[in-house]
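Trainee: Residue numbers (this note's numbering): 89 to 248.
Note that CB positions come from ideal geometry on N, CA and C, so glycine has one too.
All of these numbers come straight from a predicted model, not from anything done at the bench.
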Amino acid sequence: MRLFIGLPVPNAISDELVELQNSLPQHARKVPKENFHVTLVFLGECARDRLENLRRVKSKPFFVTTTRTGAFTHAAWLGIEPSPDLQALHKSLVDATSPRDAPARFVPHITLGRTRTRISGWSGKRFVRTWLASTFVLYESLSTPSGVRYRKLEIFSMEK
89 MRLFIGLPVP NAISDELVEL QNSLPQHARK VPKENFHVTL VFLGECARDR
139 LENLRRVKSK PFFVTTTRTG AFTHAAWLGI EPSPDLQALH KSLVDATSPR
189 DAPARFVPHI TLGRTRTRIS GWSGKRFVRT WLASTFVLYE SLSTPSGVRY
239 RKLEIFSMEK
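#1: Only counting runs of 3 or more residues, tell me where the beta strand (DSSP E) segments fall wholly within the region 188-248, in order along the chain.
#2: Among F92, S180, L241, which one has its Cα closest to the Cα of S147?
#3: Measure the beta-carbon distance from T203 to H162 and round it to whole angstroms, keeping in mind my assumption that it falls under 8 Å.
#4: DSSP has H125 in a bridge; who is on the other side?
#5: For the alpha helix (DSSP H) containing E181, list its first residue and its last residue.
#6: Considering only DSSP beta bridges, list what L91 is partnered with.
#7: Are the CB atoms of L174 and K118 nearer to each other than 8 Å?
#8: Roughly how many angstroms separate the alpha carbons of L112 and E104, rounded to a whole number?
#9: Nearest CA to the CA of C134: which residue from T155, T127, R90?
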């Protein structure tokens with residue numbers, strides 16, 4: 089199973105992100121609204137039973153704030169303010185899951201679209217929204233004929 093752990097994006101903010109996607113280059117493939125999330129840890133091909141330590145990860149709910157648009161070579165995204173609470177949850181999840189290929193640097197973001205060519209001229213637009221994160225989710229990434237779909241396998245509540 090191809091797995092990752094992420095923060096879900098609330099519906100009201102997802103609706104606004106769909107509007108923001110309208111400013112993407114026309115050739116961009118837009119991420120479907122139901123796939124919006126903030127990746128905390130990418131696990132890749134992984135047996136689900138290897139993830140028992142997830143139940144021991146503790147975090148209190150915290151606020152997540154978007155910042156501005158940006159782009160990697162082939163992906164357009166909306167940045168997330170790297171708060172101490174978000175960084176701590178990320179570290180706890182990395183420690184609990186020991187992913188093989190964890191990136192050296194955590195760059196929290198919501199991917200909005202992808203292209204085969206370099207994206208330019210889309211970075212730096214301010215788009216500030218805030219929500220209370222009270223759960224994190226274990227997702228499975230499924231390749232389908234109509235594109236990638238993310239299935240929620242398990243939802244973990246943060247303690248208040």
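Mentor: According to the data block:
#1: 197-202, 218-221, 223-232, 235-245
#2: Stepping through the sequence shown from its first residue, residue 147 is reached at position 59. It is S180 whose Cα lies nearest to the Cα of S147.
#3: Within the sequence shown, residue 203 is the residue found at index 115, counting from 1. Within the sequence shown, residue 162 is the residue found at index 74, counting from 1. About 5 Å; that satisfies the 8 Å criterion.
#4: Translated into the one-based positions of the sequence shown, residue 125 becomes position 37. Answer by DSSP bridge pairing, in chain order: P96.
#5: Working through the sequence shown from its first residue, we reach residue 181 at position 93. Per the sequence shown, the amino acid found at residue 181 is Leu instead of Glu. Following the DSSP letters along the chain, one finds L181 inside the alpha helix (DSSP H) bounded by residues 172-185.
#6: Start at 1 with the first residue of the sequence shown, and residue 91 comes out as number 3. G132, E228.
#7: Translated into the one-based positions of the sequence shown, residue 174 becomes position 86. Translated into the one-based positions of the sequence shown, residue 118 becomes position 30. Result no, Cβ atoms of L174 and K118 do not sit closer than 8 Å.
#8: Counting from 1 along the sequence shown, the entry for residue 112 is found at position 24. Counting from 1 along the sequence shown, the entry for residue 104 is found at position 16. So the two alpha carbons sit approximately 14 Å from each other.
#9: As a first step, residue 134 must be located in the sequence shown, where it is residue number 46. The shortest Cα separation from C134 among T155, T127, R90 belongs to R90.
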